[in-house]
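K.L.:
Provided herewith is a single structure, encoded as structure tokens, for subsequent inquiry.
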Amino acid sequence: MTVTDTTTAAGFAALYQQVQQFYAEQMHLLDTGRAEEWAETFTEDGVFAANAHPEPAAGRSVIAAAARKAVDDYVARGIQRRHWLGMVSVTERGDGEVAASCYALVVETGRGGRPELRASTSCDDVLVRRDGRWLVKDRQVRRDDLG
Amino acid sequence: MTVTDTTTAAGFAALYQQVQQFYAEQMHLLDTGRAEEWAETFTEDGVFAANAHPEPAAGRSVIAAAARKAVDDYVARGIQRRHWLGMVSVTERGDGEVAASCYALVVETGRGGRPELRASTSCDDVLVRRDGRWLVKDRQVRRDDLG
Amino acid sequence: MTVTDTTTAAGFAALYQQVQQFYAEQMHLLDTGRAEEWAETFTEDGVFAANAHPEPAAGRSVIAAAARKAVDDYVARGIQRRHWLGMVSVTERGDGEVAASCYALVVETGRGGRPELRASTSCDDVLVRRDGRWLVKDRQVRRDDLG
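Chains as they are written, first to last, in my numbering: chain C, 52 to 198; chain F, 52 to 198; chain H, 52 to 198.
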């Protein structure tokens, strides 16, 4: 991943593409049960806040533990979960951070069952680049049914 | 947004990225109830045609009024609507206009409810650039259930 | 489609964009019933394997015949099918081939009916460029309900 002049159209397109690929890789990790590797896509002090949770998860170890619990529960119930992030809008901030707003759907499929939409949400991220990798510094997820 | 040489691979990728981001921003406006700002993403004489409507909405004010009515109705019913546009294919036309064909899903979630697929459609746009912004000149939406 | 230096951020973004557009165009063909044109998006000896099928379809003519059968069946039942590919992760391989991993949803809508999620899958492709066009050399589709 190369540092790019994002003031050009091609440079901004490269940033946007990196965010799309980052989201794909990040969710492939979670949806295949690699909870600890998923937590590594947050900064060491990263925050994951969701209106479905009583309080935010702060820090990789807390995020990893919460993800591990959820992943193990899905495995025990024989359900394949898939997170779809889309409708991504990327904005550069002056401080080198990137704001990315998207929609997220959670699709769940049980063995022998039909896929079901479990949740529709908005997702607002602050992304930062560390050692050539994109990481989530802050994620705010809002489930539509709790809106 | 920079004017770009779209005859290069990087230039065409920049155009494609701009369309993706435009779709995201446009639908974020509609899905958060900003009907009038949403109408501003059409040209002054823009057309919104749908096989679910008896006749096309022509012109920003007509498009805004129709969107406002729908938005207010969703708010009154406590339903969060989200438009997902995807599977985007972009083609440049010789006249500086851009044809973009995509799929669109409408996902609706009521308070305390489960997300539901309300509509699956195709969406065929003619996009133009005015003062550095992309705008919809013509949109043709076809709902699959009426096909 | 131009050969591009994918070692730059803009070059890799162009590759990613080409894969996105290829997926859109490919699935537009299948979902509008153009089974034979769809088969042309595979290499002559392309392989389509799915855990829902007893054995892989190998070669364009076999892929076309299977797609034609499915397409005709959907038409007979009055169902519009749409394939959504998303969460795309692209990796270049040293041999000029490209690995692309994504999620795929199948949405079906009958006349007068509501859209339904028919299948949630992962899709792992090997893509190659022939005469300036991307083609699928190998596709592995895994339906989540059979996982």
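Ideal placement from N, C-alpha and C gives every residue a C-beta, glycine not left out. Remember, predicted model here, so these are calculated numbers, not experimental data.
Please confirm if the region 167-184 of chain H is in contact with the region 102-114 of chain C, defined as three or more CB-CB distances below 8 Å between the two stretches.
P.N.:
No contact exists between the region 167-184 of chain H and the region 102-114 of chain C.
K.L.:
Under the DSSP definition of a beta bridge, which residues are partnered with C:R184?
P.N.:
Beta-bridge pairing links C:R184 to C:R181.
K.L.:
I'd like to know if H:V192 contacts chain F, where contact means its C-beta is closer than 9 Å to some C-beta of that chain.
P.N.:
False, the Cβ-Cβ gap to chain F never drops below 9 Å.
K.L.:
Just the C-alpha distance for H:A115 and F:W89, rounded to the nearest angstrom, thanks.
P.N.:
Each residue's alpha carbon lies about 42 Å from the other.
K.L.:
State the Cα-Cα distance for the pair F:R182 and F:D175, rounded to the nearest angstrom.
P.N.:
Note that residue 182 of chain F corresponds to Asp in the displayed sequence, not to Arg. Cα to Cα, the separation comes out at about 23 Å.
K.L.:
Between F:T92 and F:Q69, what straight-line distance do the alpha-carbon atoms span, to the nearest angstrom?
P.N.:
Computed Cα separation, rounded: 14 Å.
K.L.:
Could you work out which residue in F:T142, F:A86, F:F73 and F:R128 is closest to F:S112 when comparing CA atoms only?
P.N.:
The shortest Cα separation from F:S112 among F:T142, F:A86, F:F73 and F:R128 belongs to F:A86.
K.L.:
So, does the CB of C:R133 fall closer than 9 Å to a CB anywhere in chain H?
P.N.:
It does; some Cβ of chain H falls within 9 Å.
K.L.:
Once the 5 residues before and after C:R193 are set aside, which same chain residues still bring their CB inside 7 Å of it?
P.N.:
So the qualifying residues of the chain are N102, T172 and S173.
K.L.:
Pick out whichever of F:V141, F:G84 and F:T142 has its Cα sitting closest to the Cα of F:K207.
P.N.:
Nothing can be reported for residue 207 of chain F: it is not among the residues displayed for chain F, which extend from 52 to 198.
K.L.:
Would the beta-carbon of C:H203 fall within 9 Å of that of C:A155?
P.N.:
Absent from the model: residue 203 of chain C. The displayed extent of chain C is 52 to 198, so no value can be given.
K.L.:
To the nearest angstrom, report how far apart F:D124 and H:V179 are at their CA atoms.
P.N.:
When rounded, the distance between both Cα atoms is 49 Å.
K.L.:
Give the interface partners of C:E76 over in chain H, defined as CB-CB distance under 8 Å, in chain order.
P.N.:
By Cβ distance, chain H contributes S140.
K.L.:
Does the Cβ of H:V126 have 16 or more other Cβ atoms within 10 Å, making it buried, or fewer, making it exposed?
P.N.:
Classification of H:V126: exposed, given that the 10 Å Cβ count is below 16.
K.L.:
Is F:R162 buried or exposed, if buried means 16 or more other CB atoms sit within 10 Å of its CB?
P.N.:
That one is exposed.
K.L.:
Ignore the nearest five residues each way along the sequence and tell me which others in F:Q71's own chain have a CB closer than 8 Å to its CB.
P.N.:
Closer than 8 Å at the Cβ level, and outside the excluded window around F:Q71, lie V139.
K.L.:
For the beta strand (DSSP E) holding H:G62, just list the boundary residues, first then last.
P.N.:
H:G62 -> not in any beta strand (DSSP E); alpha helix (DSSP H) instead, spanning A60 to D82.
K.L.:
Compare the C-beta of H:R181 with all C-beta atoms of chain F and state if any pair is closer than 9 Å.
P.N.:
It does not; no Cβ of chain F falls within 9 Å.
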